[in-house]
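Take a look at the structure below.
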Amino acid sequence: MGSRGLSPQQWLDAFNDLHASIYTFSRCMTLADINADGDYRLITSDLGTGTTNIKLKVYKGTTLMSESTLMDVPAGVVTFHMDMNEPRVPAIAVASGPSIFVYKNMRPYFKFSLPSMNVNPLEQDLWLEVRNKHMEVEIFYELLQNLRQELGFSNLTSRSQQLLMLDHSNWRSFVDQYKDIPLKRQSVITCITTLKKSMTDEDAASCLVAGTENSDIYILDPDAFTILENMNLGGEGNPTFVGVPAHMAATGLHDVEFRIVVVCRDGCVYLVRRAWTQARPLMQLPAQAVAMVVLPGNSSIVLALMNEFLIGYTKKGKKQWELKLPSAATAMAPVPLHHLGLTLVAVALTGGTVNFYSGCQIMDTITASDTVSALLFGRFGQEDHSLILVTISGHLLVKILKRTAQFTAQSSGTGMVPPQQIKMLVPKKTKVFMEQTLRERENAVAMHQTFQHDLFRLRLNTARACVNALQSCKNPFSMDTHEPIKMSAQVLGLGPTFKIHITLENMSASNPVKDLAITFHCDDKLYIIEKPFIQVPLLVPGLTYKFESLAECIAEVGISDQVQIFIVKLNYTQPVMAAVINMPISDVLALV
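Per my numbering: the sequence shown = residues 1 to 592.
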């Protein structure tokens with residue numbers, strides 16, 4: 001596996017198994033410390049041929065440690081903790097068909113099956129008639145087709161669905177094989193994720209959250225595997241036809257507050273929250289979603305779509321940015337980097353490229369030997385920052401992030417929403433706002449005249465102050481363009497003796513300045529200046545000259561006054577520049 005990028009190489013090649021022959025997706029991979037020894041293993045479901053030879057495999061590095069046979073195609077694999085018992089051994093949940101198979105120590109532990117659904121009476125009567133041989137198979141098939149158009153294909157039992165998809169030559173054999181078996185309608189699981197129950201610790205107990213083909217969302221207790229909550233995406237306020245959950249992500253705590261974001265096959269995104277009686281539509285995507293990531297912290301949603309766009313939304317469904325991808329996305333996974341304080345999003349593209357994004361900006365790029373079909377980031381073995389990739393040709397690749405890796409933005413501005421598409425946040429029109437608007441309409445001329453009058457007065461006062469400063473030379477810069485000088489003054493000390501620091505700098509490019517002196521003016525009843533006259537040497541451009549003088553406060557009461565500093569020049573009657581220092585009040589404790 002090669003690595004390239006717009007920044008220095010950040011990833012190290014750890015393991016490469018070109019003969020793993022794994023057929024899987026990101027949702028069917030997870031990392032877990034299954035032995036509670038600190039050595040994290042890769043657990044993945046290998047789909048085999050898609051219908052047969054389906055295995056649940058455990059890898060240590062690229063070494064296959066164990067495998068178990070699965071009876072049906074899995075919809076997802078997750079790891080979770082069931083309780084707080086020691087040692088902290090996690091369980092593995094595999095969603096397959098209508099069931100969730102739970103493994104503990106990689107041995108079968110529990111099987112949860114979705115509750116049965118009511119069978120339509122008309123469908124049940126049809127199967128009863130054909131079982132009692134009161135109806136021909138061809139007529140039975142036609143009546144099932146009519147029932148399909150009336151109820152919808154998804155509302156039939158799986159047995160009727162299979163029959164409707166068979167060729168005419170297989171109808172009779174299929175009916176003879178299954179007509180005596182009791183009719184049962186049960187949904188299948190389409191996606192699965194986890195939700196922390198009551199604590200946010202990494203090894204805290206988590207609930208299983210499953211989405212089904214009939215648009216139900218189930219939240220299961222981690223210990224007893226009972227249904228804690230059940231919600232249908234349709235609800236009362238949503239349309240009759242609701243999409244099937246395809247991607248799902250949960251954040252928060254079940255016992256406190258949680259959010260479940262569900263992306264359906266039709267591109268509609270729903271939100272489920274605690275104490276809600278029904279799910280609420282969040283947004284409608286412009287295309288079907290390939291993958292979804294919910295970022296920690298602000299719960300913003302990042303979606304890779306089939307139209308080759310990567311789009312970021314706020315947790316309330318407002319579009320933040322969108323980015324045109326170089327090619328179609330095949331997989332996506334979050335890359336949390338807690339030591340750097342950021343979470344990247346890894347997006348696998350057709351051709352083997354994997355881009356890492358922070359928002360809409362690309363941070364790094366690596367390249368695999370083939371298109372990546374599944375990727376996962378997390379702790380693998382003893383390494384906290386491991387990236388696991390599986391290609392469409394079955395290669396297993398593992399890369400480790402360098403400990404010295406730093407990510408910087410490589411592009412900017414390409415993924416921002418055009419300004420004309422950004423909706424302005426206009427505040428609501430309150431009663432006070434309406435009254436103010438009406439007053440401005442009625443008194444527009446008078447208000448404009450008042451504004452112009454105040455503006456002219458401000459300009460006049462500013463001009464007077466400027467002229468006064470120029471005439472009195474009370475400005476830190478010399479107005480002489482031939483000999484530009486910059487002066488700064490600072491007072492140090494608590495009193496009664498203060499030190500005055502004066503800094504002079506010749507701002508000219510090449511002309512030196514000479515024949516300058518520094519003088520002080522103050523109330524001689526309050527202050528005594530140690531050096532009332534300081535001769536300034538030749539000022540060379542580019543150098544800073546510092547001068548000091550002590551000023552002693554002789555007042556018996558705690559008062560202060562101003563000390564004026566003048567920069568004078570030989571044979572000039574007016575100072576070159578001047579500065580006024582407001583002396584601080586002398587510290588009384590220093591007089592004791």
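We put the CB at the ideal spot given by N, CA and C, even for glycine.
8 Å Cβ shell around Asn238 - same chain, five flanking residues per side excluded:
Low local confidence applies: a pLDDT of 44 at Asn238 is under 50, so the model's placement there is unreliable, and no value is given.
When you compare each of Gln161, Thr365, Gln361, Lys133 to Gln145 by their alpha carbons, which one comes out closest?
Answer by Cα proximity: Gln161.
Whose C-beta lies closer than 6 Å to the C-beta of Phe101 among residues of the same chain, with five residues either side of it excluded?
The beta carbon of Phe101 lies closer than 6 Å to those of Val94, Lys111 in the same chain, with the five residues before and after it left out.
Complete runs of the alpha helix (DSSP H) confined to the region 274 to 338 [at least 4 residues]
Considered as a whole, the region 274 to 338 harbours no complete run of any alpha helix (DSSP H) with no fewer than 4 residues.
Between Ile260 and Val302, is the Cβ-Cβ spacing less than 8 Å?
Judged by their CB atoms, Ile260 and Val302 are not nearer to each other than the 8 Å cut-off.
Return the Cβ separation of Ala331 and Leu305 in integer angstroms, given the expectation that the two are a contact with Cβ distance under 8 Å.
Between the beta-carbon of Ala331 and that of Leu305 there is about 13 Å, and that puts the pair past the 8 Å contact cut.
Taking the DSSP output, what are the residues bridged to Val432?
Beta-bridge partners of Val432 (DSSP): none assigned.
For Asn355, the first and last residue of its enclosing beta strand (DSSP E)
Per DSSP, Asn355 belongs to the beta strand (DSSP E) from 353 to 358.
Which residue's Cα is closest to the Cα of Gly97: Thr519, Pro108, Ser113?
Per the Cα distances, Ser113.
Cys207 and Thr194 look like a contact to me (Cβ under 8 Å); what is the Cβ gap, rounded to whole Å?
Cys207 to Thr194, Cβ: 7 Å. Contact.
When you compare the CB positions of Glu150 and Ser187, do they come within less than 8 Å of one another, or not?
Taking the C-beta atoms as reference points, Ser187 is found no nearer than 8 Å to Glu150.
Cα-Cα, which of Phe258, Asp125, Asp72 is closest to Ile189?
Nearest of Phe258, Asp125, Asp72 to Ile189, Cα basis: Asp72.
How far does the beta strand (DSSP E) with Val209 in it reach, from first residue to last?
For Val209, the uninterrupted beta strand (DSSP E) segment begins and ends at 206 to 212.
Report the three-state DSSP secondary structure of His385 (helix, strand or coil).
Of the three classes helix, strand and coil, the one that applies to His385 here is strand, per DSSP.
Tell me which residue opens and which closes the alpha helix (DSSP H) that Pro121 is part of.
First-last of the alpha helix (DSSP H) with Pro121: 121 to 131.
Helix, strand or coil at Gln361 according to DSSP, with G and I counted as helix
Of the three classes helix, strand and coil, the one that applies to Gln361 here is strand, per DSSP.
Examine the ligand NAP and report whether any of its heavy atoms sits within less than 7 Å of the Cβ of Ala210.
Absent from the structure shown: the ligand NAP. Ligands present: none.
Tell me the DSSP secondary structure of Leu539 in three-state form.
DSSP places Leu539 in strand when its eight states are reduced to three.
Please classify Gly237: does DSSP put it in a helix, a strand, or coil?
Per-residue confidence for Gly237 stands at a pLDDT of 42, beneath the threshold of 50, marking its modelled position as unreliable; the derived number appears in the next sentence. The answer is coil: DSSP assigns Gly237 none of H, G, I, E or B.
Using a Cβ distance threshold of 8 Å, determine whether the region 160 to 175 contacts the region 38 to 50, with at least three qualifying pairs required.
Output reads no: the region 38 to 50 does not touch the region 160 to 175.
May I have the straight-line CA-CA distance separating Leu220 from Asn53, to the nearest angstrom?
The C-alpha of Asn53 is placed about 29 Å away from the C-alpha of Leu220.
Can you give the Cα-Cα distance for Phe140 and Ser158, rounded to whole angstroms?
Phe140 and Ser158 have their C-alpha atoms spaced approximately 16 Å apart.
Please return the same chain residues whose Cβ sits closer than 6 Å to the Cβ of Gly61, not counting the five positions on each side in sequence.
Hits under 6 Å: Phe15.
Residues near Ser412 in its chain [Cβ-Cβ closer than 8 Å; skip 5 each side]
Because the pLDDT at Ser412 is just 44, under 50, the model does not fix this residue reliably, and the value given afterwards should be weighed accordingly. Within its own chain, the residues whose Cβ lies closer than 8 Å to the Cβ of Ser412, once the five positions on either side in sequence are excluded, are Gln361, listed in chain order.
Tell me which residues share the same chain as Ala368 and place their Cβ nearer than 7 Å to its Cβ, disregarding the 5 neighbours each side in the sequence.
Answer for Ala368: Met1, Gly352, Val354, Leu389, Thr391, Leu397, listed in chain order.
Secondary structure at Thr450, three-state DSSP: helix, strand or coil?
Collapsing the DSSP output to three states places Thr450 in a helix.
Alpha-carbon spacing of Gly359 relative to Val269, whole angstroms:
Taking the straight line from one Cα to the other gives about 20 Å.
Using CA coordinates, which residue listed in Met82, Val78, Gln564 is at the minimum distance from Met199?
Shortest Cα-Cα distance from Met199 to any of Met82, Val78, Gln564 involves Met82.
Helix, strand or coil for Thr190, going by three-state DSSP, please let me know.
Thr190 falls in the strand class under three-state DSSP.
When the Cα of Gly493 is compared with those of Leu295, Glu548, Pro115, Asn443, which residue comes out closest?
Checked all of Leu295, Glu548, Pro115, Asn443; the closest Cα to Gly493 is Glu548.
Indicate the three-state DSSP secondary structure (helix, strand or coil) for Ile585 in the structure shown.
Per DSSP, reduced to three states, the secondary structure at Ile585 is coil, with no helix or strand assignment.
To the nearest angstrom, report how far apart Thr408 and Val335 are at their CA atoms.
Using only the alpha carbons, I get a separation of about 15 Å.
Is DSSP giving Tyr23 helix, strand or coil here?
In the structure shown, Tyr23 sits in coil (DSSP, three-state: anything other than H, G, I, E or B).
Rounded to the nearest angstrom, how far is the Cβ of Asn118 from that of Arg185, given a contact under 8 Å?
Asn118 to Arg185, Cβ: 7 Å. Contact.
Alpha carbon to alpha carbon, how far is Glu594 from Arg457?
Outside the shown range of the chain (1 to 592) lies residue 594, about which nothing can therefore be said.
For Ala250, which residues does DSSP report across the bridge?
Answer is Ile260, bridged to Ala250.
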